[in-house]
Structures are given as C-alpha cells and as structure tokens.
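Line by line, the protein sequences give chains A and B.
Take the first sequence: its letters are residues 1 to 305, numbered as in the working numbering.
Take the second sequence: its letters are residues 1001 to 1305, numbered as in the working numbering.
There are 2 protein chains.
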Amino acid sequence: MHTEPYALRRLAIIGCGLIGGSFGLAMRKAFPDIAVVGYGRSNSNLMAAQQCGAITHIATSLPDAVTGADVVLLSVPVGAVFDTLSAIAPHLKPEALLMDAGSTKQDMVTAAAAVFSDAAPNAFSLANVVPAHPIAGKEKAGVTNAEATLYNDRLVILTPTPQTTRNATAAAEAVWQATGARVIQMDAHRHDRVFGAVSHLPHLLAFAYMNGVDPTAIPMGGTGFQDFSRIAASDPVVWRDILQTNRTVVLDQINAFEAALADLKNSLIQGDAETLTSLITQASVRRKAWKLSSGRVPSNEDDAA
Amino acid sequence: MHTEPYALRRLAIIGCGLIGGSFGLAMRKAFPDIAVVGYGRSNSNLMAAQQCGAITHIATSLPDAVTGADVVLLSVPVGAVFDTLSAIAPHLKPEALLMDAGSTKQDMVTAAAAVFSDAAPNAFSLANVVPAHPIAGKEKAGVTNAEATLYNDRLVILTPTPQTTRNATAAAEAVWQATGARVIQMDAHRHDRVFGAVSHLPHLLAFAYMNGVDPTAIPMGGTGFQDFSRIAASDPVVWRDILQTNRTVVLDQINAFEAALADLKNSLIQGDAETLTSLITQASVRRKAWKLSSGRVPSNEDDAA
C-alpha cells in the first residue's frame, strides 16, 4: 500500500534534466500536494528546475535527497548509476520505491543486485527496485525543455529484477500511469537487445553519418536529412554511456547493419538493378509494416529471440 | 516573353504522380484558366489525376501530350528520362519551356544534350531546357497524395545547361515561384554531389538499416526509430533509379560513411570513452549547426568543393 501513488508524500528526483524534470512536472500535475525534492550536480540547474516547477525543494546532498522519500527516481547518465545507488543505499526508507529511467536495463539490474543484495532485514532491498525506461526522449536536453506532458501516451518499460515484488512493480506501474504513460513489462536482457536495435544503433548510425558527410553539403539538407539526422543532435555524455553500457548488443547490431549495407553497395557496384530493387523493396515494406504495427506490444514469447 | 507564366495557356505534365500531380494542382491554383494535359503509363492513374484536379485533360500519347504545350514538366523516374525526351523531341513547340523534376541533374543535362544538341534552326533546342529539382518529397507517393501546397516555401534547384538562355531560366524561375517555391541555381555536378550527401546517402543507409535490424524488435520503435527510418519507406523504383544514376557520388559517400562508422565502432571495441565522446560531440555539434543554418543558401563559391 505504501508505494501506491495516493500514499505518496515525498518524491525524490536524482538528476533533474529533461527526463527527471518532466517526471516532476507530470507528478506534480497528477498529485499537486506532493513534495518533490531534487538533487543534481549543478546548483544553477536545480534552481532552474525549481523555477519551472519541476521540483519543490532542492537537496544539497544525495542522503538529503532520498531521506524520507516514498518514491525515488534516478535519472542520471547510465554511467553514473552504480555510484549513485551506492551513495543513496544507506539512506533509503525500507518501504521506498526506487526506479531509474535509463535507456539500458541489464546494467541497472546488475548494479542494483550488487548494491542491495545483502540488505539487512527491514532495510531497503531489491524487493522495491523497479528499473524503468520511459520511451520519451527529445533531442533538446535539459530541464528548461521539460514538459508535464512528455510521457503522455508514451511507452514506459519496466524490467523488474527477480527479487522485485509484484506490489512494487504494481506501484511503479501506477506512478508512471499517473504521468499519462502506457506501461509494459519486459525482461531486462530482451529490453537491451530490442532497444539496441531500434534506438541505440540508429543513434550510432546518425552520429557516423554526420561525421562522414561533406560539411559543405549540410546546409542544403531537406526534410529527409532533417528526420534522418535528428537524433544525431542528442547529448554526447548520455549516448556515450548508453552505447558503452550496451556495447555487446550494439556491436552485434553494427555487424548486421554492415552486412545489409554491403548488399546494397555491391548491387550498386555491379549495376544489379534487380537486386537493388528487391533490397529497397524489402526495406520499404518493413518500414511501412512498422507504421501499421506501431503501438502494438510484442508478446513475451519474443523474449527467447 | 512566350515562356513567362502570364503567357502560359497549355501545360503538359509527363508522369502524374506526387510530384507531377502537385505541380498541376499548384499551377492551376495560380493560373486557373490554363489547360493541364497529363500523360502517364497508367490510365487509371491519369483518371485519378483528372478526378483530383491535377490535370484538366488526358493525353493518349507522348506526342499528344506535348503538342502545343507552352511548358512541359517531365516527372518520370530518373531511369525513364532519356527515352521520354527522345519520344517528345520532334513534337515540342520551338518556344516551349522544358523542365524535369528529377532528383539527379547531371544525367538530365547529359540526356538533354544528347537528344537536343543537333536541333534544326527554329526547332526546339537546349536553349529552352531548364533541369529542375524541387526539394519536396514525402514518403507517400502517388497522385492521390498530391497537394497544391507541396512546393510552398520549399526549395527548387535549377541547373541550366550551358546552352540554356537566361530568358528560359527566368521563365522556369517564375513558374516555380508561382507554386510557392523558393528558387536557386546550381551547377548540375555540384547539385549531384550535394544531394548525394544530404539525400541519396541517408536513403541508402535507411534502407540498409531496415534490412539489417532484427525484425522482432521493430514494433518497439519509438520516435527516434520513426524519424530515422521514415525515408526507408520511399518508392523502390524511384530510388533504384536515383541511386544508380548518381552511383559514383553515392559510392564515394558510402566510403566516407564507412570510415566514420569504423571510428565509432573502434572506440566502442577499445572502450575508449574519450574518443567516443568526442565523435558523438562532433556529430551533435554539426547537426545542431544545421538547424541554425537551414534555409540559408550556400554561395556558389562552394561549387569548387
């Protein structure tokens, strides 16, 4: 019961950027009376977060931030997760709900297991850890771009650890639903493979494209260029951490991409119009099929893939 | 004078798809009294074009279509340009203005030179050929998706041949401005390098991405996936022709991309966080700079690049 949103009095947000700030705004809109305590490395950023209403209080240390919090959201770069978990561990209420908002999930499961596995009885434990991934970025980072509606109708993926209780998962689901999100569950390993394919690889390819393209041609880019390269403007530190954390999967995906690129390249070199047409047709058909299926949730039977 | 829009009585559109159909709609909106004669391979498509108002008359042959036309727009797949030019050549009025709307321009210049170079005195000649490239696609092809506003505030690039007169180029500029477009001129060779970089390569990469990615992951694609892969849904025949026609440039661009991808991949393999960060930062800075510069027209000094 304690982690149900209606019992929520105090929310702690560690890392008040676009994701954390939008979470604060959305939660305050849903529950106007809650206290939202923010913590981050930059004091001016925390003041901006308070200014725009994403948080109600500024904490001056990690222990301050989480002490007494009913729900804690970690929204720091993926590379900072382990250290942050270690720092807050002794200060969490046993009954608190702890979530992150990172784009990779196996690392959060592993980090949480390392930090919380030997919890004393009646101390905070893995039972209340619910790794989460809201699928709601935009290329403009920072709390000044935060919106109360960022999660509206967006997907949030929960990847509970083996020790997470059903109650904690249900509480996390209720919290995210309060922000307007649709919530699904997935195995963390499957999550990382899926988002390696549909998010991390496209980002890496967009980075490579921008680095390789003739800079003098860029100003003539039209709507195709605009959409294709939009994600290349993403935050470097956030994406360095995501790509490094999900490195094995991403390297696999690069190999599959390179094979598909080689097929297209060879058909061009050989002037093989028939193969070129069929390769483009396959891509076009698959992309059109996505449009039809988007919003559909894949079954857990896919997890073996 | 004869090719100024206000003298335009009869417009011929060869190929009534999205581009040709939208041109017809826009021109009829600007000049409600003109006759717009359409020709294409599919009779049912021509009837659809007439139904939606993109053309006023259906021609049953290429000679029929262009006979008596003041302005002729060729909007057929790039691979069909030479044969179509050859078929209409004997039937063009000497004073007609002939334009195409293809995504590659050196091939149109070359094809027009081959077909029209030995024109008799007082016959139609290269003087009135103005190759054009409206930068206004969308992934939904076909005349049923045509819009009178498709060219509104979009860029149209004219690449006059060495023999094209200033008058013909000015007339082409006036015609496209009547559709709402902004018109600039560029050397055809430079055009193909620029659009190989900002359009043809991204399409090819999006095709390769869709072909290489794990199909079971696709349904989970979010907004990043959506934008990055949007152009992969483009028409296979149109893009087979563009990629083949601009093959030399595209293969060059693929090599540059592969080198940039290898840099990112190596920094991941080696766990070199510093290099990875700087590569992502370079991409991010370039993409953000595009935003600021988009709409800016590069000077002709860039042509030497």
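Backbone N, C-alpha and C fix where the C-beta goes; we use that ideal spot for every residue, glycine too.
These numbers come from a predicted model, not from an experiment.
Contact set for residue i: own chain, Cβ-Cβ below 6 angstroms, skip 5 residues either direction
i	result
residue 1066 of chain B	1012, 1072, 1088, 1091, 1092
residue 122 of chain A	94
residue 1099 of chain B	1073, 1130, 1132, 1172
residue 1022 of chain B	1146, 1147, 1150
residue 68 of chain A	10
residue 1020 of chain B	1013, 1075
residue 102 of chain A	78, 108
residue 300 of chain A	Confidence in residue 300 of chain A is poor, its pLDDT being 29 and thus under 50, which makes the residue's placement too unreliable to answer from.
Pairwise C-alpha distance: residue j and residue i
i	j	result
residue 30 of chain A	residue 54 of chain A	12 angstroms
residue 1052 of chain B	residue 248 of chain A	53 angstroms
residue 1230 of chain B	residue 1168 of chain B	36 angstroms
residue 1256 of chain B	residue 1266 of chain B	16 angstroms
residue 1209 of chain B	residue 1233 of chain B	12 angstroms
residue 1246 of chain B	residue 1188 of chain B	12 angstroms
residue 1078 of chain B	residue 1064 of chain B	22 angstroms
residue 287 of chain A	residue 1144 of chain B	20 angstroms
residue 8 of chain A	residue 35 of chain A	9 angstroms
residue 225 of chain A	residue 278 of chain A	24 angstroms
residue 15 of chain A	residue 206 of chain A	26 angstroms
residue 135 of chain A	residue 1222 of chain B	7 angstroms
residue 164 of chain A	residue 174 of chain A	15 angstroms
residue 161 of chain A	residue 126 of chain A	7 angstroms
residue 260 of chain A	residue 212 of chain A	19 angstroms
residue 1105 of chain B	residue 1196 of chain B	11 angstroms
residue 1273 of chain B	residue 202 of chain A	19 angstroms
residue 37 of chain A	residue 1284 of chain B	31 angstroms
residue 1043 of chain B	residue 1243 of chain B	28 angstroms
residue 1084 of chain B	residue 1170 of chain B	24 angstroms
As assigned by DSSP and simplified to three states, the class of residue i
i	result
residue 1254 of chain B	helix
residue 151 of chain A	coil
residue 280 of chain A	helix
residue 240 of chain A	helix
residue 1224 of chain B	helix
residue 1218 of chain B	helix
residue 1183 of chain B	strand
residue 79 of chain A	helix
residue 109 of chain A	helix
residue 38 of chain A	strand
residue 10 of chain A	strand
residue 269 of chain A	helix
residue 1098 of chain B	strand
residue 1132 of chain B	strand
residue 18 of chain A	helix
residue 1088 of chain B	helix
residue 1071 of chain B	strand
residue 213 of chain A	coil
residue 1157 of chain B	strand
Per-residue contacts from residue i into chain A (C-beta, under 8 angstroms)
i	result
residue 1151 of chain B	Those within 8 angstroms of residue 1151 of chain B in chain A number zero; the least Cβ separation is about 12 angstroms.
residue 1239 of chain B	280
Closer than 9 angstroms at the beta carbon, the chain A residues around residue i
i	result
residue 1242 of chain B	Correct list: empty, because the minimum Cβ distance to chain A is about 10 angstroms.
residue 985 of chain B	Summary: the structure shown does not reach residue 985 of chain B, with chain B confined to residues 1001 through 1305, and so no result is reported for it.
Neighbourhood of residue i by C-beta distance below 8 angstroms, restricted to the same chain and skipping five residues each side
i	result
residue 305 of chain A	The predicted position of residue 305 of chain A is uncertain, since its pLDDT is 23 and thus under 50; no value can be drawn from it.
residue 180 of chain A	26, 149, 151, 152, 153, 154
residue 96 of chain A	3, 66, 69, 70, 71, 72, 124, 128
residue 1295 of chain B	Confidence in residue 1295 of chain B is poor, its pLDDT being 47 and thus under 50, which makes the residue's placement too unreliable to answer from.
Chain-ordered chain B contacts of residue i [CB-CB under 9 angstroms]
i	result
residue 203 of chain A	1224, 1228, 1280
residue 209 of chain A	1201, 1202, 1205, 1257, 1260, 1261, 1283
Neighbour list for residue i in chain A, Cβ cutoff strictly below 7 angstroms
i	result
residue 1232 of chain B	283, 284, 287
residue 1135 of chain B	222
residue 1310 of chain B	Since the first and last residues shown for chain B are 1001 and 1305, residue 1310 of chain B lies out of range.
residue 1247 of chain B	268
Cut-off 7 angstroms between Cβ atoms - residues of its own chain near residue i, not counting five sequence neighbours on either side
i	result
residue 186 of chain A	157, 159
residue 1017 of chain B	1075, 1141, 1142, 1143
residue 1268 of chain B	1276
residue 1308 of chain B	Outside the displayed span of chain B (1001 to 1305) sits residue 1308 of chain B, for which this structure offers no information.
Residue i: contacting residues in chain B (beta-carbon distance under 8 angstroms)
i	result
residue 259 of chain A	1212
residue 256 of chain A	1212, 1213, 1214
residue 250 of chain A	1268
residue 18 of chain A	Near residue 18 of chain A there are no residues of chain B at all, since even the closest Cβ is about 13 angstroms away, more than 8 angstroms.
Contact list for residue i against chain B, beta-carbon separation under 7 angstroms
i	result
residue 194 of chain A	1217, 1220
residue 273 of chain A	1240, 1244
residue 121 of chain A	What residue 121 of chain A touches in chain B: nothing, since even the nearest Cβ is about 39 angstroms away.
residue 236 of chain A	1277, 1280, 1281, 1284
residue 264 of chain A	1204, 1207, 1208
Contacts of residue i in chain D (Cβ-Cβ under 7 angstroms)
i	result
residue 1026 of chain B	The structure shown has no chain D; the protein chains it does contain are A and B.
- Message: Across the stretch 1043 to 1052 of chain B and the stretch 1097 to 1116 of chain B, are there enough close Cβ pairs to call them in contact, namely three or more that are closer than 8 angstroms?
- Response: Output reads no: the stretch 1097 to 1116 of chain B does not touch the stretch 1043 to 1052 of chain B.
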